[in-house]
Amino acid sequence: MIRISNRVQIDENELEETFVRASGPGGQNVNKLSTAVELRFNLRNSPSIPEDVKERMIPLAGRRLTLDGVIIIFAQRFRTQERNREDARERLFEMIREASVRPEIRRPTRPTLASKKRRIDTKIRRSTIKSLRTGPRNDD
Numbered sequence: 165m166i167r168i169s170n171r172v173q174i175d176e177n178e179l180e181e182t183f184v185r186a187s188g189p190g191g192q193n194v195n196k197l198s199t200a201v202e203l204r205f206n207l208r209n210s211p212s213i214p215e216d217v218k219e220r221m222i223p224l225a226g227r228r229l230t231l232d233g234v235i236i237i238f239a240q241r242f243r244t245q246e247r248n249r250e251d252a253r254e255r256l257f258e259m260i261r262e263a264s265v266r267p268e269i270r271r272p273t274r275p276t277l278a279s280k281k282r283r284i285d286t287k288i289r290r291s292t293i294k295s296l297r298t299g300p301r302n303d304d
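Terminal number for the sequence shown in my numbering: 304, no gaps in between.
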């Protein structure tokens, strides 16, 4: 079991990793070794992730989420298979951590009497300043 947050733990068997040839750094090894990692995680059928976290993960995953509910993360930033594997896993875990934080519910409040009074006083002060800018009247 991989512990991601206080609420979420994922079984190692839920992660499916495939190694493919990378197009990034690696010199001559790029043509010979499969260093890029394609990490697949079936979000829809995962028993480890609570339903509310799944709901919040859908918009976070964006284009990485397939129609079948599988998140695909492709990592080819590093030269070695192991570092790309760690990178892909960490990106998935970070997405899960972000989704597991419950958003705070905004409770609408009303302005206090003192804040209303301050607002009105400021408006009166501004109005007075602007009225003093007018020039002398011609009452001919």
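Just so you know, even glycine gets a beta-carbon here, dropped at the ideal spot from N, CA and C. Since the structure is predicted, the reported quantities are computational estimates derived from the model, not experimental observations.
For residue 182, the uninterrupted beta strand (DSSP E) segment begins and ends at 179-184. Residue 204 sits close to residue 234, with the two beta carbons spaced by under 8 Å. In this structure, the straight-line span from the alpha carbon of residue 298 to that of residue 280 is close to 28 Å. A straight line joining the alpha-carbon of residue 302 with that of residue 288 spans about 26 Å. According to DSSP, residue pairing for residue 173 in a beta bridge involves 167. With fewer than three CB-CB distances shorter than 8 Å, the stretch 234-243 does not count as touching the stretch 272-286.
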